[in-house]
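Worksheet: the structure to be examined is printed underneath.
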Amino acid sequence: MQSSLPRRAPALKSISVASSALAWWDRHRRALPWRAAAGEIADPYRVWLSEILLQQTTTAGAGPYFLEFLKRWPDVESLAAASLEEVMQAFAGLGYYSRARNLHACARVIAARGGKFPREEARLRELPGVGAYTAAAIAAIAFNAPAAPVDGNIARVVSRLVAFDVPIARNRDGLARAAAALVPTDRPGDFAQAMMDIGATICRPRNPDCPRCPLRSGCLAARTDSPDAYPPRLEKRARPTRVGAAFFARRADGAFLARRRPPRGLLGGTMELPGGEWGPGEFAEVGPQFAPFSTDWRRLPGAVEHVFTHFSLRLALFGAVVESAAPAPDGGVWIGEDEVASAGFSGLMRKAVETAQRLFVPPPDLERVLVRTRGKDRHDDDLDVEP
């Protein structure tokens, strides 16, 4: 990186940074569903819930989920009383489903303690699903403790203030020390939120709006010709592609076969169309070898594509028809057409279901076709679903 700055940046003036950030925030704070209004005391339940939902999720994406959670479970006790399946269903489409399991487990721990969240950062870190950042955020915002949460926005702001020439992922300790040195004794929770808002609205990853930034006078990166060169970015590794198959078995009444994924692992606990393991291979060669039962599976055109953090996925879809009285195979369940939104499908599998519903339409006389076929063959082995 070309820079006229010294490699070892001087220490920041924490009082100046804090006062400038707070003065800006008092005028420009964002109104967010989980944020207490000026002068109000933050609700620890709302702070904790929002921080869990915001993990690996944008503010815009988390907002509707937060409001729905709050409507269904207005306090930690009501959330703890819900079943894990209900929580997973409410989480469907948000991704990173281990958060839902941890959210439910944590709610039960807090409810067992009388509904009171611990105030200390160290004790917060003992809760399920609460890591270093989340504990610091809850301590600062909910309890006004002098904690230094470092999310992606704050990491970027601090990196530019100090002109760290090290990628964020390789500078966690340095960023934590620099951020902690900035925390004021007065209004640490407001300061943390101010830094988040500055990072989200002004000190953006690309094209930072330095002229509007309240911290520009002390920002070392702003003194360079390329402030967005800080922090340097890690080179992205090539994302491998995996392939797989999903099987859409549809009854004449429109119901289709689904199953629940194991509770742990990728998309754990969500509903899915039956299928096999995802792995490397040629998409054109994906066949019906992992079908939930033997029948006349028809490959549907195109593919369902989805991008995960570490790999891309291409799913081939196969469709088949079954009679309305057919029992579900072990581990399977029939899902009605009007139950897709509430059944707990992940975003990927909801996309797969909607694509299959659009592409695979059984004939209107399906029941007569199935009955006629069964009567002609007169072999139980030829039924569309194995018992």
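Per the working numbering, residue 3 is the first one in the sequence shown, and the count goes up by one each step.
C-beta: ideal position from N, C-alpha, C; glycine also.
Quick caveat: nothing in here was measured; it's all calculated off a predicted structure.
Of the residues A251, E87, A194, the one placed nearest S344, counting alpha carbons only: Position 342 of the sequence shown, counted from the first residue, corresponds to residue 344. It is E87 whose Cα lies nearest to the Cα of S344.
Close-in-space but distant-in-sequence residues of the same chain around G63 (CB under 8 Å, 5 per side omitted): Locating residue 63 in the sequence shown gives position 61, counting from the first residue. Once the five neighbours on either side are set aside, the close Cβ partners of G63 are L96.
Member of D153, I54, Y232 whose CA lies at the smallest distance from the CA of Y67: For the purposes of this step, residue 67 is taken as the residue at position 65 of the sequence shown. Out of D153, I54, Y232, I54 has the C-alpha closest to the C-alpha of Y67.
Bridge-paired residues (DSSP) for W336: Residue numbering aside, residue 336 sits at position 334 when the sequence shown is read from its first letter. Answer is L259, bridged to W336.
For D167 and D175, the rounded distance between their alpha carbons: Within the sequence shown, the letter at position 173 stands for residue 175. Within the sequence shown, the letter at position 165 stands for residue 167. Cα-Cα distance, rounded: 14 Å.
G246, enclosing beta strand (DSSP E) - first and last residue: Indexing the sequence shown from 1 puts residue 246 at position 244. Unbroken beta strand (DSSP E) run through G246: 243-253.
For R308, the three-state DSSP class (helix, strand or coil): Mapped onto the sequence shown, residue 308 falls at position 306. Per the sequence shown, residue 308 should be read as His rather than Arg. Strand, per DSSP.
Check whether M351 and T243 have beta carbons under 8 Å apart: For this step, residue 351 is matched to residue 349 along the sequence shown. For this step, residue 243 is matched to residue 241 along the sequence shown. Not a contact, by the Cβ cut-off of 8 Å.
Per-residue burial, S22 [other beta carbons within 10 Å of its own, 16 or more giving buried]: On the sequence shown, position 20 is the one that residue 22 refers to. Buried.
C-beta atoms of F119 and P35 nearer than 8 Å: As a working note, residue 119 is residue 117 in the sequence shown. As a working note, residue 35 is residue 33 in the sequence shown. No, the pair does not count as a contact, with Cβ atoms beyond the cut-off.
Touching by the beta-carbon criterion (3+ pairs, under 8 Å), the stretch 237-254 and the stretch 188-197: no
Sub-8 Å separation of F285 and W299 beta-carbons: In the sequence shown, residue 285 corresponds to position 283, counting from 1. In the sequence shown, residue 299 corresponds to position 297, counting from 1. No, these two residues do not count as a Cβ contact at 8 Å.
Residue of G154, W50, G346 minimising C-alpha distance to M198: Position 196 of the sequence shown, counting from 1, holds the residue named residue 198. Ranking the options by Cα distance to M198, first place goes to G154.
Buried/exposed call for V324, threshold 16 Cβ in 10 Å: On the sequence shown, residue 324 is found 322 positions in, with the first residue counted as 1. Buried, by the Cβ-count rule.
Sequence-distant residues of the same chain with beta carbon closer than 6 Å to C108, five excluded per side: Translated into positions along the sequence shown, residue 108 becomes position 106. Cβ neighbours of C108 beyond the five flanking positions: L129, P130, G131.
Exposure label - V363; buried when at least 16 CB within 10 Å: The residue labelled residue 363 in the question sits at position 361 within the sequence shown. By the neighbour-count rule (16 or more Cβ atoms within 10 Å), V363 is not buried but exposed.
Three-pair Cβ contact test at 8 Å for the stretch 178-189 versus the stretch 143-153: yes
Residue nearest to R467 in terms of C-alpha spacing, selected from I200, G333, R208: Given that the chain is displayed from residue 3 to residue 389, the structure contains no residue 467 and the question cannot be resolved.
Cβ-based burial, H40 [other Cβ within 10 Å; buried from 16]: One-based indexing of the sequence shown puts residue 40 at position 38. Sequence inspection shows Ala at residue 40; the His mentioned does not correspond to that position. With fewer than 16 Cβ atoms within 10 Å of its Cβ, A40 is classed as exposed.
Simplified DSSP assignment, three categories, for R121: Reading the sequence shown from its first residue, position 119 is the one you call residue 121. Residue state, collapsed to three classes: coil.
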